[in-house]
Amino acid sequence: MLLLLDNGSIFTRQIADLLHAAGAIFRRVSPAELGPDDAARFDSYILSGRRRNDAAVNAFNSRIIRHALSRGKPLLGICYGAEIMALTLGGTIRRTGARRGYGSVRVHGDNPLCGGEVTVFESHSFEIARLAGPVVGLASSSACEHEMIHARGSKMYGTQFHPEMSDDGRGMIRRFLSV
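Residue 50 in full-length UniProt numbering is what sits at position 50 of the sequence shown, and the numbering runs on without skipping anything.
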């Protein structure tokens, strides 16, 4: 079963609708609804974006990321989910001006989620600044160097953009379900 961790994004409903339409077996819950060890019961994870900073939410997401990495479980971090993945694995983030709207992202190399150039929706005011540890960049745009990331040797991916808000992105989420 997939855990859709609802970190408070205004777009989490769109992720849930897409998962439902794809026939995925999932549970949508907030970090406050889970005990410290409950997340380990799931087979895969999608970490949503968020609206506000919360130390407890950050710690809970980091715990899931470390668990998924150590157990080889698939994980997709969306916006904040990608940022906390980068931070947890040794990278940094930085504040940017608010970015909102559709744009093009160039995918570098092969990955199971997408290729070439994809149209995506951005809605964020932070971005991944530096990658470290096992994390590598998979895509960039004129606005953001690390639009998509991957932890080498794992099934963990992150998108700075909101894939649930564009046709190309929704295809990425559907393909993630088969990773």
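Built from N, CA and C at the ideal position, the CB exists for glycine as well.
- Contact check for Ala143 and Gly103: beta-carbon distance about 7 Å, within the 8 Å limit, so the pair qualifies.
- Excluding the 5 residues flanking it on each side, Ser44 has same chain C-beta neighbours closer than 6 Å at Leu2, Lys73, Pro74, in chain order.
- In terms of CA proximity to Glu164, Thr12 leads the group Leu5, Asn7, Thr12.
- Taking the CA atoms as reference points, Ala82 sits about 7 Å from Ile149.
- For Val57, the uninterrupted alpha helix (DSSP H) segment begins and ends at 55–71.
- Exclusion of the five residues before and after Glu117 leaves Ser104, Val105, Arg106, Val107 as the residues of its chain whose Cβ lies within less than 8 Å of its Cβ.
- Rounded to whole angstroms, the gap between the alpha carbons of Ser141 and Leu69 is 27 Å.
- Put simply, of Arg66, Thr88, Ile25 the residue whose alpha carbon is nearest the alpha carbon of Arg130 is Thr88.
- Listed as beta-bridge partners of Leu5 by DSSP are Val29, Leu47.
- Judged by their CB atoms, Gly109 and Leu138 are nearer to each other than the 8 Å cut-off.
- Here the C-alpha atom of Ser30 lies approximately 8 Å from the C-alpha atom of Gly8.
- Within the segment 79–119, the alpha helix (DSSP H) runs of at least 4 residues that lie entirely inside it are, in chain order, 80–88.
- Apart from sequence neighbours up to five positions away, the residues of its chain that approach His146 with a beta-carbon distance below 6 Å are Ile128, Gly137, ordered along the chain.
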